[in-house]
Ligand SMILES: [Zn+2]
Ligand SMILES: [Zn+2]
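In my numbering, the protein residues as written are 71 to 227.
What follows is the structure, given as structure tokens:
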């Protein structure tokens, strides 16, 4: 026999000659989903979509390296010039978040959110030490750190 008769894994009454390009399950026209990597069943198509932006370990590591540089650079800047905390915090949130995102090739996910959050907290801690408690601007600086944290983390979502 040249052709085997396939039936959809979900709909046993549907004859088909299609298979999911990932799990090889027979799928009918009702079940198939077109993706950039071929026709897939619904399960594999969703799996692909949710996993497509997840960073690889190397990308997380690279982002962490960049984040460390930002901590040292902007954390020191913030600590030396606590009076400019508003601007440094914005820079930390926007530019820092952007750099982490770039370092991870625009991937997204909880790992990168954690990297971004650690970056802001690290810079805040370094600035706190260098400026001996932000030179009397502790409450404002903490508020700005919160803003920076949100800005940097939201970028990785
Ligand atoms: Zn499949
Ligand atoms: Zn089907």
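Glycine is no exception: its CB is placed at the ideal position from the N, C-alpha and C atoms.
Pairwise C-alpha distance: residue j and residue i
i	j	result
residue 109	residue 176	26 Å
residue 205	residue 141	19 Å
residue 228	residue 163	The first residue shown for the chain is 71 and the last is 227, placing residue 228 beyond what the model contains.
residue 223	residue 184	8 Å
residue 210	residue 181	28 Å
residue 199	residue 145	10 Å
residue 215	residue 188	11 Å
residue 137	residue 227	16 Å
residue 77	residue 116	22 Å
residue 186	residue 107	31 Å
residue 131	residue 125	10 Å
residue 100	residue 225	36 Å
residue 165	residue 143	12 Å
residue 103	residue 80	14 Å
residue 135	residue 190	14 Å
residue 88	residue 123	27 Å
residue 217	residue 161	11 Å
residue 86	residue 113	18 Å
residue 197	residue 219	15 Å
residue 178	residue 91	25 Å
Those residues which DSSP pairs with residue i across a bridge
i	result
residue 77	85
Quiz prompt | Segments of 4+ residues assigned as alpha helix (DSSP H) that fall wholly inside the segment 174-217 | solution = The segment 174-217 contains these whole alpha helix (DSSP H) runs: 180-200.
Quiz item: Counting pairs of beta carbons, one from the segment 136-152 and one from the segment 79-95, are three or more of them closer than 8 Å?
Solution: no
Quiz item: Quick one: any contact between the segment 195-210 and the segment 167-175, if contact means 3 or more CB pairs under 8 Å?
Solution: no
Quiz prompt | Environment of ligand 2 in chain order, Cβ to heavy atom below 6 Å | solution = 78, 80, 81, 84, 97, 98, 100 and 101
Exercise. Could you name each continuous beta strand (DSSP E) segment of 3 residues or more that falls completely within the segment 86-151, going from the start of the chain to the end?
Key: 103-105 and 108-110
Quiz item: Closer than 7 Å from C-beta to any heavy atom of ligand 1: which residues, in chain order?
Solution: 90, 92, 93, 95, 110, 111, 113 and 114
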